[in-house]
Amino acid sequence: MTKKLVCLALACLMALVSVSALAANYVNVFNWEDYISEEAIQLFEEEYKDLDLHVNYMNFTTNEDMMVQVRTSPGAFDVVVPSEYCVERMIKEGLIQELNYDLLPNAKKYTLPELLDPSYDPANAHSIPYMWGTLGILYNTELVDDEIDSWKWMFDEKYAGSVFMLDSIRDSMGMALKYLGYSMNTKDPKELTAAANLLIDQKARGIVKAYQVDETKDKMVNGEAALALVWSGDAEYAQELNDKLAYVIPQEGSNIWVDCFVIPSTARNVEYAHLFIDFMSRPEIAVLNVQEIGYSCPNQGAIELMGEEYTSNTTMNPPEEKVALCEYFNDIDEGSMKIYNALWGKVKNAK
Amino acid sequence: MTSFQAPAWSVPVLIAAFVIFIGLVIFYVIKSRGIRRPLFAMPYTAWVALFTVIPCLLIAYYAFTDAAGRFTLDNFKSFWDSDYEMNRELIEMGMDPAELGFGRGTVNVDTLVYSLWMALLCTVICLALGYPAAYIMADREFRLGATIVVLFIIPMWMNFLLRTIAWMSLLEDNGLINNFLASIGLPRLRLMYNSGAVLMGMIYNYLPFMVFPIYNVLNKMDLKYSEAAMDLGASPIKTFLKVTLPLSLPGVVSGITMVFMPSVTTFFIPRVLGGGNTEMFGDLIERTFLTANNWNVGSALSLIMMVLILLSLGLLRKVDPEGEGEGML
Amino acid sequence: MKKFLQRFYIILILLFLYVPILVLIVQSFNAGKSRAKWEGLSFVWYEELFKSSAIMDALKVTVTIALLAAVISTVLGTLAAIGIYAMKKRPQALMMTLTNIPMTMPDIVTGISLMLLYLFFRVDRGYWTMLLAHITFDIPYVILSVMPKLKQMNKFSYEAALDLGCTPGQALRKVILPAVKPGVVTGAMLAFTLSLDDFTISYFTTSPLVQNLSTLIYSQARKGIKPTLNALSALMFITLLVLLLIVNRRTADNHPVKS
Numbered sequence: 055m056t057k058k059l060v061c062l063a064l065a066c067l068m069a070l071v072s073v074s075a076l077a078a079n080y081v082n083v084f085n086w087e088d089y090i091s092e093e094a095i096q097l098f099e100e101e102y103k104d105l106d107l108h109v110n111y112m113n114f115t116t117n118e119d120m121m122v123q124v125r126t127s128p129g130a131f132d133v134v135v136p137s138e139y140c141v142e143r144m145i146k147e148g149l150i151q152e153l154n155y156d157l158l159p160n161a162k163k164y165t166l167p168e169l170l171d172p173s174y175d176p177a178n179a180h181s182i183p184y185m186w187g188t189l190g191i192l193y194n195t196e197l198v199d200d201e202i203d204s205w206k207w208m209f210d211e212k213y214a215g216s217v218f219m220l221d222s223i224r225d226s227m228g229m230a231l232k233y234l235g236y237s238m239n240t241k242d243p244k245e246l247t248a249a250a251n252l253l254i255d256q257k258a259r260g261i262v263k264a265y266q267v268d269e270t271k272d273k274m275v276n277g278e279a280a281l282a283l284v285w286s287g288d289a290e291y292a293q294e295l296n297d298k299l300a301y302v303i304p305q306e307g308s309n310i311w312v313d314c315f316v317i318p319s320t321a322r323n324v325e326y327a328h329l330f331i332d333f334m335s336r337p338e339i340a341v342l343n344v345q346e347i348g349y350s351c352p353n354q355g356a357i358e359l360m361g362e363e364y365t366s367n368t369t370m371n372p373p374e375e376k377v378a379l380c381e382y383f384n385d386i387d388e389g390s391m392k393i394y395n396a397l398w399g400k401v402k403n404a405k
Numbered sequence: 232m233t234s235f236q237a238p239a240w241s242v243p244v245l246i247a248a249f250v251i252f253i254g255l256v257i258f259y260v261i262k263s264r265g266i267r268r269p270l271f272a273m274p275y276t277a278w279v280a281l282f283t284v285i286p287c288l289l290i291a292y293y294a295f296t297d298a299a300g301r302f303t304l305d306n307f308k309s310f311w312d313s314d315y316e317m318n319r320e321l322i323e324m325g326m327d328p329a330e331l332g333f334g335r336g337t338v339n340v341d342t343l344v345y346s347l348w349m350a351l352l353c354t355v356i357c358l359a360l361g362y363p364a365a366y367i368m369a370d371r372e373f374r375l376g377a378t379i380v381v382l383f384i385i386p387m388w389m390n391f392l393l394r395t396i397a398w399m400s401l402l403e404d405n406g407l408i409n410n411f412l413a414s415i416g417l418p419r420l421r422l423m424y425n426s427g428a429v430l431m432g433m434i435y436n437y438l439p440f441m442v443f444p445i446y447n448v449l450n451k452m453d454l455k456y457s458e459a460a461m462d463l464g465a466s467p468i469k470t471f472l473k474v475t476l477p478l479s480l481p482g483v484v485s486g487i488t489m490v491f492m493p494s495v496t497t498f499f500i501p502r503v504l505g506g507g508n509t510e511m512f513g514d515l516i517e518r519t520f521l522t523a524n525n526w527n528v529g530s531a532l533s534l535i536m537m538v539l540i541l542l543s544l545g546l547l548r549k550v551d552p553e554g555e556g557e558g559m560l
Numbered sequence: 003m004k005k006f007l008q009r010f011y012i013i014l015i016l017l018f019l020y021v022p023i024l025v026l027i028v029q030s031f032n033a034g035k036s037r038a039k040w041e042g043l044s045f046v047w048y049e050e051l052f053k054s055s056a057i058m059d060a061l062k063v064t065v066t067i068a069l070l071a072a073v074i075s076t077v078l079g080t081l082a083a084i085g086i087y088a089m090k091k092r093p094q095a096l097m098m099t100l101t102n103i104p105m106t107m108p109d110i111v112t113g114i115s116l117m118l119l120y121l122f123f124r125v126d127r128g129y130w131t132m133l134l135a136h137i138t139f140d141i142p143y144v145i146l147s148v149m150p151k152l153k154q155m156n157k158f159s160y161e162a163a164l165d166l167g168c169t170p171g172q173a174l175r176k177v178i179l180p181a182v183k184p185g186v187v188t189g190a191m192l193a194f195t196l197s198l199d200d201f202t203i204s205y206f207t208t209s210p211l212v213q214n215l216s217t218l219i220y221s222q223a224r225k226g227i228k229p230t231l232n233a234l235s236a237l238m239f240i241t242l243l244v245l246l247l248i249v250n251r252r253t254a255d256n257h258p259v260k261s
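Dropping the structure here:
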């Protein structure tokens, strides 16, 4: 028995040798699950074959998980893809470095002008958009006979027990704030309290079926609920699998979000990180990613390449007047975040 | 929130501690003239010091300091009053929390009570389901006991997350059970998104931990006691109540320990099967650490949890002073 | 009648334990991606499984860590049990309390406290830190399964062997180990099982660069797990079933696997 155990241990150690550590020729990309085209990665590795460059693709599930990892694993990541409000926070915390646009000839050239020079990162000094989208309502036309054009339907008793909310503070609170006519970025405790009370009331009246994040789209495809608060990318995914689903940005306005490429200040392979970002900004590569993911495309060159197929899709390419109603999330300071968190705790545990 | 890192002096201190440790070991070897058995525990002692004691001290450090590293008891106030930090913030902004309708926030305490209640229910049901199973498996006439034990282990080797998600496929409104009900003309039932589903998921995960220790104790039990009782005219029920049950108590205590402790801090199950509608203490700790990024309050909550668990362990010891977890495995 | 009722009850309980696993396995043969709709029999997910380097890497990490953690914790834990058993009452009680802490501490607290430890000493988290964490939560289970066997053997045999001229190593190998062997095997099995199934502690003690199956599944869980993971589970299930039944047959005579 002991001999066998020793053999086993040796076998393990041999196997370990092949578990590779960080090497110089890696680009360590930290991104959302399934948020890139495999083909694009392969093309990148082929393009830079002479550098023997490889991509280490790592996933996170929420911005908050990502922030914890970036804070606590310095040097582990070369390229990260946070959402815009986290970009702002990461700049404040000194977690990311300025981009060198001399190394990024494609990046700014092709980015839609309305997404450039955003409030969360003036002059795009630290970040460049990768994907963008909106927050809205995904509904099942077989279960819904009203014209869904307002957030009010998310609070309507007609759909009690058939509404999915997002298990995400900013999005769920933001939606309630918008419905009440406030800004999604308000720090006014009175407005925040009103929004939280609205959500607590929504839950108390049995309207909410579940608070979840990524399970929603598969469940909507299965007809598990009538209405759901979703990001446009998830809506596009669900609509492809079930043509009874429709997506709308309500008339009160909503959130527009941008996921951006950034380079952590502790990145070990800064030059390769730039190569990676620039490669992904090439129109023909951006097309691959957009088609794989189904989110809105910030790359003008790619939009031209896709033509009608993209411009006629109102989920991916929402009408301009709807986008004009949307606002970015700004980073909320730590003090106000304590208010957000306490209120969210009340919502999550309301009976 | 920046993490607390080892100050420069800690390296020499650690090295010194290690040298002293080795010195003590050598001293002991010389004094007792040879390698006596307690020395075998030395590598483990060092391991425990590094991987159990220091982490606990770190949790305690965070629990008793604020974000700037100053000593404070506020984190414990935050446990009792989940709105404590918010209200302080509001006052700083020049507002009166009472005007907005805030007093003492009960979210954290309520969550703890709810978790304890769920864990208690889970333990009681596991005991009710598990004791008969263990009793049957240990029955000398049943013969298949050892094989059934293996059949109980195998599900535990399948990934916990996958098992829980498989339950979701079964319980959804359009899930397998409801589709089956609908196909035979019965109405669909709301099986998921409630506490009942969470409780079922917990029982599913922890039931084997109740069965094993009881089975082991019953299996090793000397039959002559119950036979003697029968010979002396006791009815089977009386024999069970007066002889078998008391003798199997150590196994029951171990089972209760192994089910109750982990089920208080269950997380993931409430999110998947309960639809995230009610948090348990494990979810709360996770949310505090990760989403709210508040390591200080998170640590205080963890510390409270640990103390509670050690206390209940002490209580169980009172019931089973000889146990030391002997029947546990 | 009694026999029938016994069987019926046990079968009901086993059904409860196995229904979700059957669901997992059936889903792995579904041609479609959906969890609820059957779209025909197919092996496409099995093909994908062997093509997916992420899953294969995670499997490698999971299995090597489970094996290494089981071996190391069994060695350390067995020695520790022997040592602690021979200690005087006070130090013994202290050591047993410290041993109980990781067992009774909720996983999430263990995981976070170990993460704090690594951050404290500025250790980059990854494969080795996860291994150390797994050893830490495995050892107590080894100690607790060896301890009862020590209690059953003669208290003085080790010292007697020394007095008769054995070296400590010989006394350990020839006198103590044979007596506690069943406990050691149980402890190793238990350590392996726990390490294989652990999610929470792994989640906090590794970086996203090194994932085991549980953390990989978690990163997909919120999106809806791909049936490739079900395919992997089905394969693991069959392998484990066969392995365990063989082991059980070999040890069934003197010692049930988990006692």
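Chains as they are written, first to last, in the numbering used here: chain A, 55 to 405; chain B, 232 to 560; chain C, 3 to 261. We put the beta carbon where it would ideally sit given N, CA and C, even for glycine.
- Chain A has a Cβ within less than 8 Å of the Cβ of residue 320(B).
- In this structure, the beta-carbon distance from residue 448(B) to residue 427(B) does not fall below 8 Å.
- For residue 284(A), the enclosing beta strand (DSSP E) begins and ends at 281-285.
- Taking 8 Å as the cut-off, the Cβ atoms of residue 144(C) and residue 85(C) do not count as close.
- A Cβ-Cβ separation of about 17 Å leaves residue 218(A) out of contact with residue 258(A) under the 8 Å criterion.
- Chain B has no Cβ within less than 8 Å of the Cβ of residue 386(A).
- At least one C-beta of chain A is nearer than 8 Å to the C-beta of residue 127(C).
- Secondary structure of residue 132(C) (DSSP, three-state): helix.
- The C-alpha of residue 157(C) lies about 45 Å from the C-alpha of residue 17(C).
- Here the C-alpha atom of residue 187(C) lies approximately 30 Å from the C-alpha atom of residue 253(B).
- Inter-residue distance for residue 137(A) and residue 168(A) is about 17 Å (C-alpha atoms, whole angstroms).
- If you draw a 10 Å sphere on the C-beta of residue 42(C), you find fewer than 16 other C-beta atoms in it, and that means exposed.
- For residue 34(C), the CB contacts under 6 Å within the same chain, skipping 5 residues up- and downstream, are 41 in chain order.
- By the Cβ rule, the segment 309-325 of chain A does not count as touching the segment 252-271 of chain A, because fewer than three pairs are nearer than 8 Å.
- Comparing alpha-carbon positions, the option among 231(C), 209(C), 81(C) and 240(C) lying closest to residue 46(C) turns out to be 231(C).
- Within the DSSP bridge table, the entry for residue 266(A) names 220(A) as partners.
- For a cut-off of 8 Å, the C-beta gap from residue 519(B) to residue 528(B) is around 5 Å, short enough to register as a contact.
- Chain A has a Cβ within less than 8 Å of the Cβ of residue 317(B).
- Annotation: the segment 287-366 of chain B contains the following complete segments of the alpha helix (DSSP H) (minimum length 4 residues), in chain order: 305-311 and 315-323.
- Sequence-distant partners of residue 145(A) (beyond 5 residues in either direction) whose C-beta falls short of 7 Å from its own C-beta, in its chain, are 175 and 180.
- Cβ atoms of residue 194(C) and residue 68(C) come within 8 Å of each other, at about 5 Å.
- DSSP places residue 316(A) within a strand segment (E or B) once states are collapsed to three.
- For the segment 13-45 of chain C, the set of residues with a beta-carbon nearer than 8 Å to any beta-carbon of chain B comprises 15, 16, 18, 19, 20, 21, 22, 23, 25, 26, 29, 37 and 38, in chain order.
- Between residue 220(C) and residue 504(B) a beta carbon distance of about 16 Å is seen, past the 8 Å cut, so the two are scored as non-contacting.
- Neighbourhood of residue 287(B) in chain C, by CB distance below 8 Å: 103 and 115, in chain order.
- Interface flag for residue 138(C) against chain B is set, since a Cβ pair is found closer than 8 Å.
- Just measuring C-alpha positions, the residue of 315(A), 105(A) and 394(A) sitting nearest residue 320(B) is 394(A).
- When beta bridges are read from the DSSP output, residue 114(A) appears opposite 86(A).
- The segment 361-371 of chain B makes no contact with the segment 206-220 of chain C; the number of CB pairs closer than 8 Å stays below 3.
- If you check the CB distance, residue 331(A) and residue 214(A) do not come in under 8 Å.
- Per DSSP, the unbroken alpha helix (DSSP H) holding residue 513(B) starts and ends at 512-517.
- Partner residues in a beta bridge of residue 448(B), as assigned by DSSP, do not exist.
- By a beta-carbon distance limit of 8 Å, residue 307(A) does not contact residue 374(A). Their separation comes to about 14 Å.
- For the set 279(A), 286(A) and 342(A), the Cα lying nearest the Cα of residue 349(A) is the one of 286(A).
- Setting aside the 5 residues that flank it on each side, residue 353(A) is surrounded in the same chain by 164, 165, 335, 337 and 340, each with a C-beta closer than 7 Å to its C-beta; the list follows chain order.
- For residue 97(C), same chain residues with a beta-carbon under 6 Å away, outside a window of 5 residues either side, are 86 in chain order.
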